[in-house]
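Only one structure is covered here, and it is reproduced in the block below.
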Amino acid sequence: MKLHDLKPAVGSKRKRIRVGRGIAAGRGKTAGYGTKGQTSRSGGSIPAWFEGGQTPIHIRIPKLRGFRNVLRVESAVVNVGRIQNWIDAGRLKGESPLTINVDVLEAAGLMKSRGKPLKVLGGGNLSAKLFVLADSFTDSALTKIKAAGGSTQVLQLPTEESAVAVGVTKKKSAPKKSASETSEPSAGADA
């Protein structure tokens, strides 16, 4: 086989059908577009959402009110009653006080939203002694955990003060040169 013997696969190259070239061209007088009217003209099709001239749906329905707060923090929530149910079922085990945090809840299947902050709610009853580490608590959750003999710890995002306390400092920028230091000496000063 030589280069001039190569041919495209059968059916891969099809000749383009040219319509609208007269009766003798083989596609008829009107080339499949039908007789006169809007649909036979070029660009004569109507969009799929056109409703025949009546007021369209996007104008008939009312506007959405309010706004979406971009700064809103969405938390992954868990109720103390649900934690108690899983302890009773034997799905959460450990020594008293039982430590509850994001890793424990995720391993038990109580929490799926890994990237979100954890918020503990006060729904249900709690009798087990717990040590709960979470980003936030409701007042009822704090009351129920403390009434059962447990304790809580609020996890906080690092701030500048806490970073300094740990020993993490920002990079110091180079001191800015004053205008007198940056200006070059004039040519007459050397003479």
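In this text, residue positions in the sequence shown follow our numbering: the first is -5, and each later residue adds one. Yeah, the Cβ is synthetic: ideal placement off N, Cα and C, and Gly gets one too. Only a predicted model underlies this, so the values are computations on that prediction, with no experimental measurement involved.
Distance CB(residue 73)-CB(residue 116) smaller than 9 angstroms: As a working note, residue 73 is residue 79 in the sequence shown. As a working note, residue 116 is residue 122 in the sequence shown. Yes, the Cβ-Cβ distance between residue 73 and residue 116 is below 9 angstroms.
From the DSSP output, read off the bridge partner residues of residue 145. Along the sequence shown, one-based indexing puts residue 145 at 151. Paired residue(s): 125.
Buried or exposed: which applies to residue 61, given that a residue is buried once 16 or more other Cβ atoms fall within 10 Å of its Cβ? Locating residue 61 in the sequence shown gives position 67, where the first residue counts as 1. Exposed, since its Cβ has fewer than 16 Cβ neighbours within 10 Å.
Which residues does DSSP list as the beta-bridge partners of residue 79? In the sequence shown, the residue the question calls residue 79 occupies position 85. Answer is none; residue 79 lacks a bridge partner.
Consider the Cβ of residue 93: report whether some Cβ of chain B lies at a distance smaller than 9 angstroms. Looking for chain B here will not work: only one protein chain is present.
Given residue 92, which residues of its chain have a CB within under 8 angstroms of its CB, disregarding the five upstream and five downstream residues? Taking the sequence shown and counting its residues from 1, the one referred to as residue 92 is at position 98. Counting only Cβ-Cβ distances below 8 angstroms, and skipping sequence neighbours, we find 81, 86, 122, 123, 124, 125.
Near residue 104, what residues of its chain come up, given a Cβ to Cβ distance below 6 angstroms and the 5 sequence neighbours on each side ignored? As a position in the sequence shown, residue 104 is number 110, starting the count at 1. Counting only Cβ-Cβ distances below 6 angstroms, and skipping sequence neighbours, we find 72.
DSSP state of residue 40 mapped onto helix, strand, coil: Here the question's residue 40 lines up with position 46 in the sequence shown. Reduced to three states, the DSSP call for residue 40 is coil.
Residue 131: buried (16+ other C-beta within 10 angstroms of its C-beta) or exposed? As a working mapping, residue 131 is identified with position 137 in the sequence shown. It counts as buried.
How is the beta strand (DSSP E) around residue 94 delimited, first residue to last? Taking the sequence shown and counting its residues from 1, one reaches residue 94 at position 100. Note, residue 94: beta strand (DSSP E), 92 to 94.
So, are the CB atoms of residue 120 and residue 144 less than 9 angstroms apart? Position 126 of the sequence shown holds residue 120. Position 150 of the sequence shown holds residue 144. Against a cut-off of 9 angstroms, the Cβ pair of residue 144 and residue 120 comes out as a contact.
Residues near residue 138 by beta carbon distance below 8 angstroms, same chain, minus five either side: Here residue 138 corresponds to residue number 144 of the sequence shown, with the count starting at 1. Closer than 8 angstroms at Cβ, skipping near neighbours: 74, 116, 119, 120.
With distance defined between alpha-carbon atoms, name the residue in 68, 2, 59 nearest to residue 107. Here the question's residue 107 lines up with position 113 in the sequence shown. The candidate whose alpha carbon is nearest that of residue 107 is 68.
Between 9, 70, 64, which lies nearest to residue 112 when the distance is taken from Cα to Cα? Taking the first residue of the sequence shown as 1, we reach residue 112 at position 118. Here the closest residue by C-alpha is 70.
Report back the beta-carbon spacing between residue 24 and residue 34 to the nearest angstrom; my notes put them in contact at under 8 angstroms. Here residue 24 refers to the residue found at position 30 of the sequence shown. Here residue 34 refers to the residue found at position 40 of the sequence shown. So it is a contact: roughly 7 angstroms between Cβ atoms.
Under the DSSP definition of a beta bridge, which residues are partnered with residue 70? Your numbering for residue 70 matches position 76 in the sequence shown. Residue 70 is bridged to 112.
In the DSSP assignment, the alpha helix (DSSP H) including residue -2 goes from what residue to what residue? Residue -2 sits at position 4 when you count from the first residue of the sequence shown. Run containing residue -2: none; DSSP gives neither H nor E here.
Between the alpha carbons of residue 9 and residue 57, how many angstroms are there, rounded? Numbered from its first residue, the sequence shown carries residue 9 at position 15. Numbered from its first residue, the sequence shown carries residue 57 at position 63. Straight-line Cα distance between these residues: approximately 51 angstroms.
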